[in-house]
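The opening position of the sequence shown corresponds to residue 80 in this note's numbering, with each subsequent residue numbered one higher.
Here's the structure, in C-alpha cells; my notes come after.
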Amino acid sequence: MADKPKFSKTLVFAFQQMIAIMAATLLVPMLVSGYGLEADVAAALFGAGIGTIVYLLFTKRRSPVFLGSSFTFLGAYAASIGQNYGYWGIIIGVTFAGLVYVVIALFVRLIGSGWVNKLMPPAIIGPIVALIGLSLSGTATSWIMGNGAAEVVYTETYNWVSIICALFTFFMIVVASVKGSKRVKLIPFIIGISAGYALALIFTLIGMACGNTYLQVLSFQPFIDTFSNFSFTSIIDYPKFFFLKAIQSNGQYPLDAAAIGNIAMIYVPIGVVELAQHIADHKNLGSIINRDLITDPGLDKTLLGDGVGSIVGAFFGGCANTTYGESIACVAITGNASVVSILTAALGCMVLSFFTPFVVLINSIPKCVMGGACIALYGFIAVSGLQMLHKVDLGDSRNLFVVSAILVCGIGGLYFGFGRNPITGGALLNITSLAVALIVGIVTNLIVHSGKSSGGAESTESESKKE
Numbered sequence: 080m081a082d083k084p085k086f087s088k089t090l091v092f093a094f095q096q097m098i099a100i101m102a103a104t105l106l107v108p109m110l111v112s113g114y115g116l117e118a119d120v121a122a123a124l125f126g127a128g129i130g131t132i133v134y135l136l137f138t139k140r141r142s143p144v145f146l147g148s149s150f151t152f153l154g155a156y157a158a159s160i161g162q163n164y165g166y167w168g169i170i171i172g173v174t175f176a177g178l179v180y181v182v183i184a185l186f187v188r189l190i191g192s193g194w195v196n197k198l199m200p201p202a203i204i205g206p207i208v209a210l211i212g213l214s215l216s217g218t219a220t221s222w223i224m225g226n227g228a229a230e231v232v233y234t235e236t237y238n239w240v241s242i243i244c245a246l247f248t249f250f251m252i253v254v255a256s257v258k259g260s261k262r263v264k265l266i267p268f269i270i271g272i273s274a275g276y277a278l279a280l281i282f283t284l285i286g287m288a289c290g291n292t293y294l295q296v297l298s299f300q301p302f303i304d305t306f307s308n309f310s311f312t313s314i315i316d317y318p319k320f321f322f323l324k325a326i327q328s329n330g331q332y333p334l335d336a337a338a339i340g341n342i343a344m345i346y347v348p349i350g351v352v353e354l355a356q357h358i359a360d361h362k363n364l365g366s367i368i369n370r371d372l373i374t375d376p377g378l379d380k381t382l383l384g385d386g387v388g389s390i391v392g393a394f395f396g397g398c399a400n401t402t403y404g405e406s407i408a409c410v411a412i413t414g415n416a417s418v419v420s421i422l423t424a425a426l427g428c429m430v431l432s433f434f435t436p437f438v439v440l441i442n443s444i445p446k447c448v449m450g451g452a453c454i455a456l457y458g459f460i461a462v463s464g465l466q467m468l469h470k471v472d473l474g475d476s477r478n479l480f481v482v483s484a485i486l487v488c489g490i491g492g493l494y495f496g497f498g499r500n501p502i503t504g505g506a507l508l509n510i511t512s513l514a515v516a517l518i519v520g521i522v523t524n525l526i527v528h529s530g531k532s533s534g535g536a537e538s539t540e541s542e543s544k545k546e
C-alpha cells in the first residue's frame, strides 16, 4: 500500500495499530507496579509513542515499526527493585541495555551487516520468528480461558463466557478480513475488538442483573476509579512520567558505583538477548513488505533507533521498548505498511496518554477480548516465520538439525538461569528460551557447515542433489 494514504485512512490505520499494541504495552507497567514501584500506564503509552518517533527518525522513516513495552525486561525490573535500586535503577539499567544496541550499531557500521545473513540464514530466522508467535500463544490462551486470571484453574478461574467472547472476537476479525468490503478489510481489528467488547458488555450487564458473577467478564472498576470523584483530571491529566518519580524519590534509593555496576550486570545481557528478536522482527517485516530492512535502511540505523528509542521510552514511561510483533502482524493482515500510519499512531499514543477517558476505556477492554484478537496477531507472526522456510531444503539433514534444535529448545522452554532473584525466587539473570533457541541454532549451524563456504543453512535443492 502507498506510504502516504489519505488522511482519513491514515487515522483509521493508526488507531488500529494503537489497539493492536495497547494491551501488551499497558500490561508491562501494571506488572512493574506489582513488584513494588509505581509505573503509570499512561506514561508507558507516552513512552512507547516517543520511543517509536525516535526510531523513525534514526531509520529515516524507511521502516514501519512500532516500539512498545518489552516483557523481556520484567526479570531485570524485579531484580533491580528487589535490590532497592528504585526508579533511577530502572532508568540507568535500560540505558545500559540500550547502549548495547548503540555499540553493536557502531560495529555494524564499521564492518557492514553481511555477517547477519551468514550467521542467521533463513533456516535460523524462520523458526525463530515462528517461535516469537508461538511463545506468545500461551498468554493469548490464558487470557481466553481465564480473562486475565493469574492462573487458569478448571471450575475456579476457567470461564466459558470468556472463551465465547474471545472466539467471537476472533471470528469477527476473520469475517471482516476475508468477507468484508474493501474498507472493512482494512480495519478488521477495530471491528473484531469492538464486537467482542459489545458482547462482553451484554454478558456483564445480564450477570449484574441476575447477580451472577460468572457472566461478568467486563470490569467497570476503571470507570469507577476515574469518574466517581469527578474533576478536571477525570478528562485531562498528565502522565506520571518515570523520571519525575525518580526525582521525587529524593534520595530514597541511593546508588553508589557498586550498585551501578550491578545494575549493568543485570541489564546488559538482556540487551544482547533482545538483539535476536530485533533482527528476527526486521527480517520478518522485510519479507512482508518485500524490502530487506537489514540493508535498507540498514541494521546500524534500526539498532540505533531501537536502542535510543528504548532509553527515551524508559525515561518517560519506565519500560524499555522493543519492536512489536503485534504491530508487524497488523501490517501483514491489513496490507498497510505506511510509515506515516506508524508515525500517526505514535503521536496518537502521546496525545491520548493525556486524555483520561481513552486510557480508562482501553484499560476496561476484557483480557478475553484481547486474547481473541491475539489468536490472529500471534498466529500471523508464527506463520510468517514458517513461510521463510520455503526456500530451505529440509531434506538436507544439516538444515533439519538446525530447525529441529531451534523448535524443540524454543517450544520446550529451555532457558539459562543464573543467580537468584530476591523477589520472585527465580533466576536473577534469565536467558529466555527464545534466545537459547537462537544460540543453539547458530552453534548447530556452525557445526554442520564447518569448513564449507556456504556460511549458512540454506542449501538449495540443486546443491543437495549434487551431494
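Built from N, CA and C at the ideal position, the CB exists for glycine as well.
Since this is a predicted model, take the numbers as computed values, not measurements.
What did DSSP end up calling Ser148 once you bin it into helix, strand or coil?
strand
Taking the alpha-carbon positions, what's the Gln356 to Asn291 distance?
44 Å
Is it right to say Asn308 is buried, meaning 16 or more other beta carbons lie within 10 angstroms of its own, or is it exposed?
exposed
Tell me which residue opens and which closes the alpha helix (DSSP H) that Asn196 is part of.
From DSSP, the alpha helix (DSSP H) with Asn196 extends over Gly193 to Leu198.
Contact check, Ser148 vs Cys398, beta carbons under 8 Å
yes
Let me check one thing: in DSSP terms, what residues is Thr401 bridge-paired to?
Gly147
For the beta strand (DSSP E) that Gly496 lies in, which residues bound it at each end?
Taken as a continuous stretch (DSSP letters only), the beta strand (DSSP E) holding Gly496 covers Phe495 to Phe497.
Closest by C-alpha distance to Gly548, when choosing among Ser417, Ile441, Ile460 and Ile129
In this structure the chain extends from 80 to 546, so residue 548 is not present and cannot be described.
Going by C-alpha distance, which of Gln295, Leu215 and Ser366 is nearest Thr511?
Looking at the Cα atoms, Leu215 is the closest of the given residues.
Every unbroken alpha helix (DSSP H) within the segment 222-272, with a cutoff of 4 residues, ordered by chain:
239-257
Just how far apart, CA to CA, sit Pro376 and Ala93?
22 Å
By the three-class DSSP mapping on this structure, what secondary structure does Ile510 have?
strand
Using 10 angstroms around the beta-carbon of Ser532, count the other beta-carbons present and answer buried if the total reaches 16, otherwise exposed.
Residue confidence for Ser532 is low, a pLDDT of 43 falling below 50, so the modelled location carries little weight and cannot support an answer.
Can you tell which of Ser443, Gly392, Phe433 and Thr283 has its C-alpha closest to the C-alpha of Ile171?
Of the listed residues, the one whose Cα sits closest to Ile171 is Gly392.
So Leu105 and Asn442 are supposed to be a Cβ contact under 8 Å. How far apart are they, rounded?
Rounded, the Cβ-Cβ distance is 7 Å, consistent with contact.
Nearest to Tyr166 (by Cα), restricted to the options Ser328, Gly388, Ser483 and Phe137
Ser328
In whole angstroms, what separates the C-alpha of Thr151 from that of Tyr180?
15 Å
With a threshold of 16 other CB atoms inside 10 Å of the CB of Val487, please say whether the residue is buried or exposed.
By the C-beta density criterion, Val487 is exposed, having fewer than 16 other C-beta atoms within 10 angstroms.
Is it the case that the Cβ atoms of Ala155 and Ile339 are separated by a distance below 8 Å?
no
What is the rounded straight-line gap between the Cα of Val107 and the Cα of Ala158?
15 Å
At which residues does the alpha helix (DSSP H) containing Met449 begin and terminate?
Lys446 to Gln466
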